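Written out below as structure tokens is the structure these notes cover.
In the working numbering, the protein residues as written are 32 to 695.
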């Protein structure tokens, strides 16, 4: 393992030049003696502002890497933080090209051995895989957290071909506001305002881009490393959370990569594992160091002998709204895929079919979905799903007999159905629930499917009304123990607001009696697993930062006079202050999702954001408003941004777009 911790020095503002003249800013933590005893580098490359946005989080990891004998490097991407340029979209080719230049620059520094690893969560996890697929010789190990190898399948834009109403506009709105935050005058100099206004003028809202690509086309294939798994030759440690929708990528990477790969999935949401909520968390820094020590320092840390997958299996006794440690156990699955998991096929029987062989009829005007919580969760209890009984009552459901013994589920469940629709555009939402002995229905996992799409989501065709189709709806990968006495439930609906944007017309979907109707349930043989252990989570180093706790609100209202169901989510980000130089950052967001289930064209999403950055007598504020709605043929988008310096407006713009619907 790594040697005794080294004293660490911090280079706060380092400029890395690109070939086109653009400069990227970095913060670097180094062992004191790195100039005379070079070390490998660990790179985190994201657009979230190293000086304030992620400063506290960075301090929980990177000094530990430096103390363990690495150059820990946190780079703001082009168009973010104090770096030059503009960021025109997520995961653009220039982002990956810049990363290659950063890797070459790092390898050439006198304090670096020339060997580099990449580490990151979410965006940084995505681009770690994307850059590795380009096979730069400097990049010799990747730790990817809460990311995906398929940008269309399970990112915040579409899933199962359904448009994610709860995520697409909110994320675009967030990026519009975050991209609008200014450079720091203390870093870039007196022309900071000129740079800021130029960035505001040139950086577009992203929602319009994403909405013009409603099928899985070349736009989404770019940056999706699952298109060519063989391109990934660097060893990959893939980390996910059971409360995070990207967790399926961990299973796919284990199944498709030829390079050394291991998986780690805990109970947490979209978080680093050492900051896990819900817990229990793990010593993520220690796990990353084991990986990097093996592949950047050639130290035998035992990672090659780890089970293919280490995963937390929670018990089915979780109280909604709880952010404390979940009950359950860690298991190590020696091989993935392997004999420890067997797929069971359980026939669905939602009721006796009538003389025409019809088991059930579902309508998309049923008020279903608001109990599902947030699709993308960050660990705050307000995002948790709540009791599903109300949604279950409006769904086609099969509830199996009480279990005589505990049943462990691990993998990707799927539901196969024989269905027909009375309209040309329709979708399905399928939920797997754990029904407790008191009747509480706990959401385990779910999946969406646009019925007009082919299996690859590359083409869409009108459904023939009345024609029967056999479809399979994959659910998001999961791990869960159904306790003895509990019951497994499958619930199917034709709508799921606000996760899925409604079909343009009220749809009636018929489930036809068929031997094909079944739940495919991956079950775990507990006799073929091990029990992994983890070290204690490391204490955060002392810094000059304070961060107030975030505050979250979520309320759902049902207006019985108008029929509208409205979900409002409010987040107040805790104020960050760097007491060493007085810089502060704070912000808030509010998302409102409203729809009358009886009128699918009433659906609308409205997002507001405010971001404040300041120091002393200098303060900037960015405010954004975004709205998305639709008629039968088009989506309507409006984005508005206002920027102020010390209370005086310096920039404002409104963007409006009408974009044709394509079987959504």
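Virtual Cβ for every residue (Gly too), placed ideally from N, Cα, C. Just so we're clear, the structure is a prediction, and the values are computed from it rather than from any experiment.
Residues in the same chain with beta-carbon distance under 8 Å from residue 317, minus the five sequence neighbours each way, listed in chain order, please. Same-chain partners within the cutoff: 565, 566 and 569.
Same chain only: Cβ atoms within 6 Å of residue 110, ignoring 5 sequence neighbours per side: Answer for residue 110: 116, 117 and 118, listed in chain order.
Identify, in the order they occur along the chain, each residue of the same chain with its Cβ nearer than 6 Å to the Cβ of residue 398, setting aside the five sequence neighbours on each side. For residue 398, where only same-chain residues beyond five positions count, the Cβ hits under 6 Å are 596 and 628.
Going by the beta-carbon positions, is the gap between residue 215 and residue 609 smaller than 8 Å? No Cβ-Cβ contact shorter than 8 Å links residue 215 with residue 609.
Is the distance from the Cβ of residue 390 to the Cβ of residue 524 below 8 Å? No, the Cβ-Cβ distance between residue 390 and residue 524 is not below 8 Å.
Just verifying my parser: in three-state terms, what is the DSSP assignment at residue 285? Helix at residue 285.
Is residue 591 buried or exposed, if buried means 16 or more other CB atoms sit within 10 Å of its CB? Answer is exposed; the Cβ neighbour count stays below 16.
Using 8 Å as the cut-off, can you tell me whether the region 524–537 makes contact with the region 617–633, which would need three or more C-beta pairs spanning the two stretches below that distance? Output reads yes: the region 617–633 touches the region 524–537.
Residues near residue 226 by beta carbon distance below 7 Å, same chain, minus five either side: Annotation for residue 226: 214 and 219 place their beta carbon closer than 7 Å to its own, counting only its chain and skipping 5 residues before and after.
Check whether the region 86–96 and the region 569–583 touch, using three or more Cβ-Cβ pairs below 8 Å as the test. They touch, by the three-pair rule.
If contact is defined by three or more beta carbon pairs under 8 Å, each pair taking one atom from either stretch, is the region 181–197 in contact with the region 238–251? The region 238–251, when compared against the region 181–197, does touch it at the 8 Å Cβ threshold.
Residue 32 (DSSP reduced to helix, strand or coil): Caution applies to residue 32, whose pLDDT of 43 falls short of 50 and renders its modelled position unreliable; the value that the coordinates give is listed next. Three-state DSSP puts residue 32 in coil, outside helix and strand.
Beta-carbon separation of residue 508 and residue 343 under 8 Å? Here residue 508 is not near residue 343, since their CB atoms are 8 Å or more apart.
Does DSSP put residue 401 in a helix, a strand or coil? Here residue 401 sits in helix by DSSP.
Less than 6 Å between C-beta atoms, sequence neighbours within five positions excluded: which residues of the same chain meet that for residue 556? Contacts found: 371.
For a test of the three-state rule: what should DSSP assign to residue 145, helix, strand or coil? Here residue 145 sits in strand by DSSP.
Cβ separation of residue 81 and residue 112, assumed to be a contact under 8 Å, to the nearest whole Å: About 6 Å separates the beta carbons of residue 81 and residue 112, which is inside the 8 Å limit, making them a contact pair.
Note down the Cα distance separating residue 173 from residue 255, rounded to an integer number of angstroms. When rounded, the distance between both Cα atoms is 16 Å.
Label residue 685 either buried or exposed according to how many other C-beta atoms from any shown protein chain fall within 10 Å of its C-beta, with 16 as the threshold for buried. With fewer than 16 other Cβ atoms from the protein chains shown falling within 10 Å of its own Cβ, residue 685 counts as exposed.
With distances taken from CA atoms, which of 560, 443, 286 and 348 is nearest residue 368? Per the Cα distances, 286.
For residue 634, count the other beta carbons within 10 Å of its own beta carbon; 16 or more makes it buried, fewer makes it exposed. Which is it? Counting C-beta atoms within 10 angstroms of its own C-beta, residue 634 has 16 or more neighbours from the protein chains shown and is therefore classed as buried.
DSSP beta-bridge partners of residue 686: For residue 686, the beta-bridge partners assigned by DSSP are 670.
Applying the criterion that 16 or more other CB atoms from any shown protein chain within 10 Å of the CB defines a buried residue, is residue 46 buried or exposed? Burial is judged here by how many other beta carbons sit within 10 angstroms of a residue's own beta carbon; residue 46 has fewer than 16 and is exposed.
Output the boundary residues of the alpha helix (DSSP H) element that contains residue 204. 199–210 is the extent of the alpha helix (DSSP H) around residue 204.
Out of 77, 561, 200 and 459, point me to the one whose CA is closest to residue 150's CA. Out of 77, 561, 200 and 459, 77 has the C-alpha closest to the C-alpha of residue 150.
Backbone CA spacing between residue 694 and residue 491 [nearest angstrom]: The straight-line gap from Cα to Cα measures roughly 6 Å.
Residue from 360, 573, 649 and 660 whose Cα sits closest to the Cα of residue 562: Taking each of 360, 573, 649 and 660 in turn and checking the Cα distance to residue 562, the smallest one comes out for 360.
Excluding the 5 residues flanking residue 407 on each side, which residues of the same chain have their C-beta closer than 7 Å to its C-beta? Cβ neighbours of residue 407 beyond the five flanking positions: 187, 198, 276 and 301.
For residue 264, which residues from the same chain have a beta carbon less than 7 Å from its beta carbon, with the 5 sequence-adjacent residues on both sides left out? So the qualifying residues of the chain are 166 and 290.
Cβ contact (3+ pairs, closer than 8 Å) linking the region 408–418 and the region 479–495: With a cut-off of 8 Å, the region 479–495 and the region 408–418 do not count as touching, because too few Cβ pairs lie within range.
Cβ shell of residue 328 (< 7 Å), same chain only, five flanking positions each side left out: Once the five neighbours on either side are set aside, the close Cβ partners of residue 328 are 71.
Where do the N-terminal and C-terminal ends of the alpha helix (DSSP H) with residue 128 fall, by residue? Taken as a continuous stretch (DSSP letters only), the alpha helix (DSSP H) holding residue 128 covers 124–139.
Please classify residue 23 as buried or exposed, where buried requires at least 16 other C-beta atoms within 10 Å of its C-beta. The requested residue 23 is not part of the displayed model; the chain covers only 32 to 695.
For the region 500–515 against the region 599–607, are there 3 or more C-beta pairs whose distance is under 8 Å? They do not touch, by the three-pair rule.
Report the three-state DSSP secondary structure of residue 454 (helix, strand or coil). Residue state for residue 454 is assigned as coil, using DSSP reduced to three classes.
Starting from the Cα of residue 253, find the closest Cα among 573, 180 and 236 and give me that residue. When 573, 180 and 236 are compared, the shortest CA-CA separation from residue 253 is found for 180.
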